[in-house]
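Residue numbers (our numbering): -8 to 469.
Note that beta-carbon positions come from the ideal geometry of N, C-alpha and C, so glycine has one too.
The structure under discussion appears below in the form of structure tokens.
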């Protein structure tokens, strides 16, 4: 069989004009689909993948592949926050996925469409109502499920016997067997990265990574429980990690073809012993790939670990800092202190890591004084990038569940609700939160000291990629 896998990210805007070019703004490859692609290829099937944000003419490519395709798989996202100097806004990606699925059925009405990904894990049954052209919705891990779906398409298995799916039969949505998880992540083959060799990843408005960039994940789920996060909902609240040997072997393989890799776990450094073992092995074998770590935690910062990361090729650390106020950190259940934040960021800067920190504005206990303190705190830290966002209540998070229980949110309102005073979810209106966001961005990035420091770093490292990113950033702010 031939499978066509589609990545339709949150900020893709559907247009039926196949000759209209799509603005390319790809960040990192669709790992979920690449894992499925590897599983399918290992089973003897043919796979093609179209990333709608990395493809100049995605519908033209889609039309070219459909006539020879036996089944389509679509990764569906719930929503995305778009940062703009006119205030952030949320888009609902499943709506664009629904348009693409409808477009496919209009061309090939009999082709089965399988949807999965974050949105389907959160709302596996409702997803089929929201994307009425889809035939099967997959909840959670898809690597085993996709093999069983193939058996069903080939007439060798009933859909009702498959774990973790909802399916459409005679216009009625039915449920398969209960979803299960893959406990041994080492049993999953490495992602089929050759499927996206035609694309270039790693480009963002904040930072350009070294060319020939890819990403990887070393675990699923999260051992922590930040109240604003939906990660554990997607992972069935079970934290799983790949073995040290399995992770190192994938990095060795990546090193053969790529210059840089981002570890996109939320919690890579949470298990310090495992992280140390991985770093020790990388140092021993002597890879020359640049490594970016997304899941850095301030409570694990220590000189020995950071020195080891530097020797292993780590260049970039990404922290979820969230606030300068201890009461807000406690409200979010961050299990971190402001002293730990300052220590970690100072050490990261001292070790010459490219350091990114995120901040959330608008917690329901926040006052203007809280937000002012957070902005000042961010400006006092030696961060290369500060990402400010507005708090949202996301479906499946603890704060969402509490707001629903208290009658402040109705699930019919959507899956992502801004912490707006008018909804009883915060102390500020949406317009006021947007103004705080704009103020934070300008005050952080337009500081003469920040601009001077960044330019010196760029010239010192002769990093033309980051220079371009910084220039674009300043133009955007001005």
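Thinking residue i and residue j are a contact (beta carbons under 8 Å), I'd like their distance in whole angstroms, please.
i, j, result
"residue 186", "residue 31", "Incorrect: roughly 10 Å between the Cβ atoms, too far for contact."
"residue 84", "residue 0", "7 Å"
"residue 382", "residue 405", "Between residue 405 and residue 382 the Cβ distance is about 15 Å, and since that is not below 8 Å, they are no contact."
"residue 38", "residue 183", "7 Å"
"residue 325", "residue 250", "Wrong, their Cβ atoms sit about 34 Å apart, outside the cutoff."
"residue 247", "residue 296", "In fact, because the Cβ distance is near 27 Å, the residues do not count as touching under 8 Å."
"residue 319", "residue 357", "6 Å"
"residue 140", "residue 105", "6 Å"
"residue 342", "residue 299", "No, residue 342 and residue 299 are not in contact; Cβ-Cβ is about 11 Å, not under 8 Å."
"residue 18", "residue 192", "7 Å"
"residue 172", "residue 122", "Wrong, their Cβ atoms sit about 24 Å apart, outside the cutoff."
"residue 289", "residue 331", "4 Å"
If you run the structure through DSSP and keep just helix, strand and coil, what is residue i?
i, result
"residue 76", "With a pLDDT of 38 at residue 76, under the threshold of 50, the predicted position of this residue should be treated as unreliable, though the coordinate-derived value follows. Coil at residue 76, not helix or strand."
"residue 10", "coil"
"residue 358", "coil"
"residue -7", "strand"
"residue 269", "helix"
"residue 71", "Note that residue 71 has pLDDT 48, beneath the 50 cutoff, so the model's placement of it is unreliable and the number below is only indicative. In the structure shown, residue 71 sits in a strand (DSSP, three-state: E or B)."
"residue 368", "helix"
"residue 374", "coil"
"residue 203", "coil"
"residue 441", "helix"
"residue 231", "strand"
"residue 451", "helix"
"residue 81", "Only weak support is given to the placement of residue 81: the predicted model assigns it a pLDDT of 49, under 50, and the value that follows is read from those uncertain coordinates. Correct three-state label for residue 81: strand."
"residue 135", "helix"
"residue 291", "helix"
"residue 489", "Only positions -8 to 469 of the chain appear in the structure, and residue 489 is not among them; the question remains open."
"residue 121", "helix"
"residue 403", "helix"
"residue 222", "helix"
"residue 66", "strand"
"residue 325", "coil"
"residue -1", "strand"
"residue 102", "coil"
"residue 142", "helix"
"residue 313", "strand"
"residue 5", "coil"
"residue 194", "strand"
"residue 148", "coil"
"residue 160", "strand"
"residue 306", "strand"
What are the start and end residues of the alpha helix (DSSP H) that includes residue i?
i, result
"residue 339", "329 to 341"
"residue 321", "317 to 322"
"residue 260", "Taken as a continuous stretch (DSSP letters only), residue 260 belongs to no alpha helix (DSSP H), as it is neither H nor E."
"residue 184", "No alpha helix (DSSP H) holds residue 184; DSSP gives it neither H nor E."
"residue 92", "84 to 98"
"residue 249", "First-last for residue 249: undefined, no H or E at that position."
"residue 297", "294 to 303"
"residue 177", "Segment: none, residue 177 is in no alpha helix (DSSP H) and carries neither H nor E."
"residue 393", "389 to 396"
"residue 109", "109 to 113"
Where do the ends of the beta strand (DSSP E) carrying residue i lie?
i, result
"residue 384", "383 to 385"
"residue 239", "Per DSSP, residue 239 belongs to no beta strand (DSSP E); it is in the alpha helix (DSSP H), 235 to 246."
"residue 352", "345 to 352"
"residue 424", "Unbroken run through residue 424 is the alpha helix (DSSP H), 421 to 436; no beta strand (DSSP E)."
"residue 154", "Per DSSP, residue 154 belongs to no beta strand (DSSP E) and is neither H nor E."
"residue 129", "127 to 129"
"residue 287", "281 to 287"
"residue 163", "163 to 166"
"residue 409", "407 to 409"
Nearest chain B C-beta to residue i closer than 9 Å, yes or no?
i, result
"residue 367", "Annotation note: the requested chain B is absent from the structure, which comprises a single protein chain."
Entirely enclosed beta strand (DSSP E) segments - the stretch 13 to 63, minimum 3 residues: Counting only runs of 3 or more, we get 37 to 42.
Segment contact flag, the stretch 384 to 393 with the stretch 357 to 367, C-beta cutoff 8 Å, min 3 pairs: Verdict: no, contact absent.
At least three beta-carbon pairs within less than 8 Å, the stretch 255 to 264 to the stretch 207 to 225: As far as the Cβ criterion goes, the stretch 255 to 264 touches the stretch 207 to 225, which means the pair count is three or higher.
Touch test, the stretch 345 to 352 against the stretch 239 to 254, Cβ-Cβ under 8 Å, three pairs minimum: They do not touch, by the three-pair rule.
Segment contact flag, the stretch 262 to 281 with the stretch 309 to 320, C-beta cutoff 8 Å, min 3 pairs: Not touching, per the Cβ criterion.
Sufficient close CB pairs (3 or more, under 8 Å) joining the stretch 54 to 69 to the stretch 92 to 110: Yes, since at least three Cβ pairs between the stretch 54 to 69 and the stretch 92 to 110 fall closer than 8 Å, the two stretches touch.
At least three beta-carbon pairs within less than 8 Å, the stretch 160 to 178 to the stretch 112 to 120: Segments in contact, yes.
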